[in-house]
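Numbering (the UniProt record's numbering), first residue to last: 1 to 282.
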């Protein structure tokens with residue numbers, strides 16, 4: 001089973017070109033005839049150091065990468081995902097999220113720096129996938145569930161990044177390399193998405209706006225932000241949207257910037273933006 005897991009991971013991790021072309025994966029869940037491996041005290045000899053490392057690795061690089069594979073294959077598909085496919089991936093997300101070991105749930109009181117970072121990385125990864133599968137259809141009436149799920153994913157990403165920022169820099173400094181781009185670009189995108197939604201819906205939800213401003217401040221403190229392409233433009237757009245909060249006359253689609261395709265992981269968004277409505281995501 002461990003051999004099968006390694007084979008699957010390698011296939012998924014090195015099939016990037018196939019994903020970008022919307023091609024099917026070489027290995028599919030329906031083709032496998034056994035359950036995915038997990039931490040086994042008998043096999044792993046119950047070593048106190050084995051469980052955190054193995055269980056996290058198996059969950060993040062085993063279960064979660066299946067979600068990555070289907071998500072990327074769907075959003076880059078030439079034909080584009082249909083409601084049935086989106087529903088399938090959304091269901092898989094809930095299953096993987098529910099199967100997550102309790103100790104991988106983000107707990108601010110966790111004293112172990114390595115364990116806390118594993119919690120942060122797992123939640124960041126899940127929020128990223130959920131956001132990406134629903135973002136292209138956030139304002140599409142054919143996908144009514146996508147708006148709520150995209151906002152939910154954005155808020156999850158922003159909250160976990162704020163929890164990451166709350167820890168003293170030196171506590172997690174040795175782990176930050178693991179997500180120096182993707183763990184910064186996702187909350188950056190999430191903050192833009194939530195700000196756009198709040199402005200376009202004329203929302204005065206104080207808690208959501210507080211989350212936007214808190215995440216904006218946390219992003220500005222992150223040294224990795226300068227490594228993310230388009231980050232300056234996105235941060236300027238977020239500040240513009242925060243300023244729109246006081247404009248009671250803003251209408252849906254007004255003064256809402258387009259998500260830049262050169263932001264990490266967002267090149268797929270280009271084909272989902274209506275060229276006749278350059279400031280919308282409809």
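The beta carbon of each residue, even a glycine, is placed where N, CA and C say it ideally should be.
Since we're looking at a predicted model, the values are computed, not measured.
Query                                                                                                                    : Result
Beta carbon of residue 117 nearer than 8 Å to that of residue 175                                                        : yes
Whole-number beta carbon distance between residue 150 and residue 135, since they are thought to touch under 8 Å         : 5 Å
Whole-angstrom distance between residue 92 and residue 82, CA atom to CA atom                                            : 16 Å
Nearest-angstrom Cβ-Cβ length linking residue 130 and residue 196, presumed shorter than 8 Å                             : About 17 Å separates the two Cβ atoms, so there is no contact after all.
Spatial distance of residue 74 from residue 177 (CA atoms)                                                               : 29 Å
Where residue 201 falls, given that 16 or more other Cβ within 10 Å makes a residue buried                               : exposed
Rounded separation between residue 235 and residue 225 - CA only                                                         : 10 Å
Pairwise C-alpha distance: residue 147 and residue 199                                                                   : 14 Å
Proximity winner among 115, 123, 87 and 239, relative to residue 186 (alpha-carbon distances)                            : 123
For residue 176, three-class secondary structure by DSSP                                                                 : helix
Straight-line gap, residue 300 to residue 145 (C-alpha atoms, nearest Å)                                                 : With the chain covering 1 to 282 only, the question about residue 300 has no answer from this structure.
Separation of residue 203 from residue 251, as counted between CA atoms                                                  : With a pLDDT of 44 at residue 251, under the threshold of 50, the modelled position of this residue cannot be trusted, and the question is left open.
Exposure label - residue 231; buried when at least 16 CB within 10 Å                                                     : buried
Cα-Cα separation between residue 229 and residue 142, rounded to whole angstroms                                         : 32 Å
Nonlocal neighbours in the same chain, by C-beta distance under 8 Å from residue 216, ignoring five residues either side : 191, 235, 238, 239 and 242
DSSP state of residue 205 mapped onto helix, strand, coil                                                                : coil
Sequence ranges, alpha helix (DSSP H) only - wholly within the segment 109-184, length at least 4                        : 113-134, 144-166 and 169-172
Minimum C-alpha distance to residue 210 - residue among 85, 128, 105 and 245                                             : 245
Whole-angstrom C-beta distance between residue 109 and residue 119, which should lie under 8 Å                           : About 11 Å; that fails the 8 Å criterion.
Host alpha helix (DSSP H) of residue 83 (start-end)                                                                      : 83-99
Span separating the alpha-carbon of residue 168 from that of residue 72                                                  : 34 Å
C-beta contact flag for residue 162 and residue 214 at 8 Å                                                               : yes
8 Å contact criterion, which residue 155 and residue 104 should meet: CB distance rounded                                : Incorrect: roughly 19 Å between the Cβ atoms, too far for contact.
Three-way DSSP call (helix, strand, coil) for residue 77 in this model                                                   : coil
Extent of the continuous alpha helix (DSSP H) run through residue 241                                                    : 231-244
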